[in-house]
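Protein chains in written order, with UniProt numbering: chain A, 1 to 234; chain B, 1 to 234.
Even for Gly, the Cβ is constructed at its ideal location relative to N, Cα and C.
Remember, it's a predicted structure, so these values are computed and weren't measured experimentally.
Number of protein chains: 2
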Amino acid sequence: MPHPNTAGHPNESDAGHEVLAGVLQVRDDQLQVMLWQRAREPDVHRWSLPGGRLAATEDVETSIRRQLAEKVDVHKLSHVEQLSVFSAPHRVPDRRVVATAFLGLVPSDVDPEVPADTRWHPVEALPPTAFDHEQIVLAARDRLRAKLSYTNIGFALAPAEFTVSELRGIYSAALGYQVAPTNLQRVLTRRGALEPTGRTLPAGPAGGRPPALFRFTSRDLQVTDPFAVFRPPS
Amino acid sequence: MPHPNTAGHPNESDAGHEVLAGVLQVRDDQLQVMLWQRAREPDVHRWSLPGGRLAATEDVETSIRRQLAEKVDVHKLSHVEQLSVFSAPHRVPDRRVVATAFLGLVPSDVDPEVPADTRWHPVEALPPTAFDHEQIVLAARDRLRAKLSYTNIGFALAPAEFTVSELRGIYSAALGYQVAPTNLQRVLTRRGALEPTGRTLPAGPAGGRPPALFRFTSRDLQVTDPFAVFRPPS
DNA sequence: GCAAAAGTGTTTGTCGTACACCCATGA
DNA sequence: TCATGGGTGTACGACAAACACTTTTGC
Numbered sequence: 001m002p003h004p005n006t007a008g009h010p011n012e013s014d015a016g017h018e019v020l021a022g023v024l025q026v027r028d029d030q031l032q033v034m035l036w037q038r039a040r041e042p043d044v045h046r047w048s049l050p051g052g053r054l055a056a057t058e059d060v061e062t063s064i065r066r067q068l069a070e071k072v073d074v075h076k077l078s079h080v081e082q083l084s085v086f087s088a089p090h091r092v093p094d095r096r097v098v099a100t101a102f103l104g105l106v107p108s109d110v111d112p113e114v115p116a117d118t119r120w121h122p123v124e125a126l127p128p129t130a131f132d133h134e135q136i137v138l139a140a141r142d143r144l145r146a147k148l149s150y151t152n153i154g155f156a157l158a159p160a161e162f163t164v165s166e167l168r169g170i171y172s173a174a175l176g177y178q179v180a181p182t183n184l185q186r187v188l189t190r191r192g193a194l195e196p197t198g199r200t201l202p203a204g205p206a207g208g209r210p211p212a213l214f215r216f217t218s219r220d221l222q223v224t225d226p227f228a229v230f231r232p233p234s
Numbered sequence: 001m002p003h004p005n006t007a008g009h010p011n012e013s014d015a016g017h018e019v020l021a022g023v024l025q026v027r028d029d030q031l032q033v034m035l036w037q038r039a040r041e042p043d044v045h046r047w048s049l050p051g052g053r054l055a056a057t058e059d060v061e062t063s064i065r066r067q068l069a070e071k072v073d074v075h076k077l078s079h080v081e082q083l084s085v086f087s088a089p090h091r092v093p094d095r096r097v098v099a100t101a102f103l104g105l106v107p108s109d110v111d112p113e114v115p116a117d118t119r120w121h122p123v124e125a126l127p128p129t130a131f132d133h134e135q136i137v138l139a140a141r142d143r144l145r146a147k148l149s150y151t152n153i154g155f156a157l158a159p160a161e162f163t164v165s166e167l168r169g170i171y172s173a174a175l176g177y178q179v180a181p182t183n184l185q186r187v188l189t190r191r192g193a194l195e196p197t198g199r200t201l202p203a204g205p206a207g208g209r210p211p212a213l214f215r216f217t218s219r220d221l222q223v224t225d226p227f228a229v230f231r232p233p234s
């Protein structure tokens, strides 16, 4: 599977522009990122983010969605947003390539088919990565963690319906520490991000009260805590 | 003063990459942005952000600082940060140009010399702008407003030393509504962002208590309100 | 003394956290 | 009825906003 970075097209005189995505999902109670293993130089066998060259007729977001579609069923992507530009002159050897990096999210209840060279890796235990891709993965992780605090971005990591216990597992994996289910439910509900479906799941084998199913009220990104001090007179 | 966008160099086969900055300053109690008036097609006479082509040996931040140095004394810039990429295929006519946009800030007590084609314009009353530059100015404004709430970014708009009354004017202009001096001082002090110098200014002509001078404790950007809900157990 | 401007003290409401307590189920 | 896991009620602390009150100056 050739990758634009490795091409070295002779008639590419100018700086190239590529798009790259850190696609994150909570799998096995860990935050993981989708990487593919390079089959040729440079950086053979090292692990690389999905993406590729920006085409003439697309903007960067259209481009990253198109290129991700070659790796995974793009309908499974619940959220995509721009991170920042990585532009160190020699971040890729030989050619000048400026990269626009994205964060992509996949809900925890789907297991999209991926190509043979592609694997999920825990963000906290990355394999050897190509170029500056580790830095981009960490930027994606940090953006996700920040937004879990003040937006409803959890919708993009969670299934359509879930118990508070499951949601707690997802938030704990993404944030890297345990969160209390009591306050998770209360904060998200007070902010209007979470609502009960009215339905419940059967109790587990060890007994216990049957858990209620919840859903996010919106599946679009919204800022739920404007955290604005110095607010305008309302 | 030729601008890269207008060049149309014949041997530019590939997509170009430019950097642009929305440089903001509070002037005359208004948030204003630095723009230069184009002297040639396309978009003649329309107002444009400073910036230009990314050179082969620089990253985007080095590039925008270099290009701003051609417009203003770059030492007067108190803060520069990346905003996002603007990449609509025809955002600039004829050539494909991807832009990385920046926010730049200048303290309110300096009046840097600028070229003859360059003027400051109130962000709320922009003249006709070139290409998608209005959108970039608004993105810069919005980023500044957000960060005034949860960081110490006020240091980049304020003089080295100032009275609470002056700082109130700066925040009010930047945010677009009146803020109360009492709480401004209290919040910034509690967060450790502000400290008294111990010195005072003479009272005004109408009398009144002489105001104390304050300074920001740091002149580097710091997040003063982590606004993190779901905090890790401390 | 009085007006004007600056700065402090106090109250109130909101919100996140912690923790005790109650609920619903299986064995 | 007891253990287990789920959900709610309540108390506490932190903090921002509003506003009254005190301080320090010029006239």
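Asked                                                                                                                                                                     : Found
Short check: CB of P159/A to CB of R168/A, under 8 Å?                                                                                                                     : no
Since I believe A21/B is in contact with G154/B (beta carbons under 8 Å), could you give me their beta-carbon distance rounded to a whole number of angstroms?            : Not really, about 20 Å apart at Cβ, beyond 8 Å.
Secondary structure at H45/A, three-state DSSP: helix, strand or coil?                                                                                                    : coil
Take residue 237/B and list the residues in its own chain whose beta-carbon comes closer than 6 Å to its own, dropping the five residues that flank it on each side.      : Because chain B is modelled from 1 through 234, residue 237/B falls outside the range shown and cannot be assessed.
Check for me: the beta strand (DSSP E) holding L188/B runs from which residue to which?                                                                                   : That residue, L188/B, is in no beta strand (DSSP E); its alpha helix (DSSP H) goes P181 to R190.
Ordered along the chain, which non-local residues of its own chain (more than five positions away) have a Cβ less than 7 Å from that of P4/B?                             : Since pLDDT at P4/B reaches only 37, below the 50 mark, its modelled position is unreliable, and no value is offered.
Looking only at its own chain, which residues have a Cβ that is under 8 Å from the Cβ of V179/A, when we skip the five neighbours before and after it?                    : R168, Y171 and S172
Once DSSP output is grouped into helix, strand and coil, what is the label at L213/B?                                                                                     : strand
If you reduce the DSSP assignment to three classes, tell me which class E195/A lands in.                                                                                  : strand
Should the segment 186-205 of chain B be regarded as contacting the segment 123-141 of chain B, the criterion being three or more beta carbon pairs within less than 8 Å? : no
Tell me, to the nearest whole angstrom, how far the beta carbon of R191/B is from that of D225/B; I am working on the premise that it is less than 8 Å.                   : 7 Å
Determine the closest residue to P211/A out of F162/A, G176/A and F230/A, with distance taken between C-alpha atoms.                                                      : F162/A
Is the separation between the beta-carbon of S108/A and that of R27/A shorter than 8 Å?                                                                                   : yes
What does A56/B touch in chain A if you count any residue whose Cβ is under 8 Å from its own?                                                                             : A15, P89 and R96
Give a yes or no on contact between the segment 65-72 of chain B and the segment 86-93 of chain B, applying the rule of three or more CB pairs nearer than 8 Å.           : no
Let's see if you can read the secondary structure: which residues bound the alpha helix (DSSP H) around E18/A?                                                            : Not the alpha helix (DSSP H): E18/A falls in the beta strand (DSSP E), residues G16 to R27.
Which residues in the same chain have their Cβ closer than 8 Å to the Cβ of V98/A, if we skip the five residues on either side of it in sequence?                         : A15, G16, H17, E18, V85, F86 and S87
When DSSP builds the beta bridges, which residues end up paired with F102/B?                                                                                              : A21/B and Q82/B
Is V137/B near the ligand GDP, going by C-beta to nearest heavy atom under 7 Å?                                                                                           : Inclusion of the ligand GDP in the displayed structure is not the case, the ligand content being empty and no account of it being possible.
Can you tell me whether A174/A is buried or exposed, with buried defined as 16 or more other CB within 10 angstroms of its CB?                                            : buried
Using C-beta distances below 8 Å, list every residue in its chain close to E61/B, excluding the 5 sequence neighbours before and after it, in chain order.                : V80, Q82 and F102
With a cut-off of 8 Å, does the C-beta of T100/B fall near any C-beta of chain A?                                                                                         : yes
Could you pull the start and end residues of the beta strand (DSSP E) that G51/A belongs to?                                                                              : G51 to R53
From what residue to what residue does the alpha helix (DSSP H) around T57/A run?                                                                                         : Where T57/A is concerned, there is no enclosing alpha helix (DSSP H), given that its DSSP letter is neither H nor E.
Taking the beta carbon of P50/B as the centre, do at least 16 other beta carbons fall within 10 Å, making it buried, or is it exposed?                                    : buried
On the CB-based measure, 16 or more other CB atoms within 10 Å of its CB, does D132/B come out buried or exposed?                                                         : buried
Comparing the C-beta of L144/A with each C-beta of chain B, is any distance below 8 Å?                                                                                    : no
Could you give the distance in angstroms between the alpha-carbon of H9/A and the alpha-carbon of E58/A?                                                                  : Unreliable placement is indicated for H9/A, whose pLDDT of 32 sits below 50; the coordinate value is still reported in the next sentence. Each residue's Cα considered, the two are about 20 Å apart.
Quick check: is the beta carbon of L184/B nearer than 8 Å to any beta carbon in chain A?                                                                                  : yes
Mind reading off the beta-carbon distance from V33/A to V123/A? Whole number of angstroms is fine, and I expect it under 8 Å.                                             : 5 Å
Classify R209/B as buried or exposed, calling it buried when 16 or more other Cβ atoms lie within 10 Å of its own Cβ.                                                     : exposed
In angstroms, rounded to a whole number, what distance separates the CA positions of G176/A and F227/B?                                                                   : 17 Å
Buried or exposed for T183/B, please, with buried defined as at least 16 other CB atoms from any protein chain shown within 10 angstroms of its CB.                       : In the sequence under discussion, the amino acid at residue 183/B is Asn, which differs from the Thr named in the question. The residue is exposed, with fewer than 16 neighbouring Cβ atoms inside 10 Å.
Under 9 Å, CB to CB, which of the residues in the segment 27-53 of chain B have a partner in chain A?                                                                     : none
Helix, strand or coil for V37/A, going by three-state DSSP, please let me know.                                                                                           : As written in the sequence, residue 37/A is Gln, which differs from the Val given in the question. Q37/A: strand per DSSP, three-state reduction.
Do K71/A and T100/A count as a contact pair if the criterion is CB distance below 8 Å?                                                                                    : no
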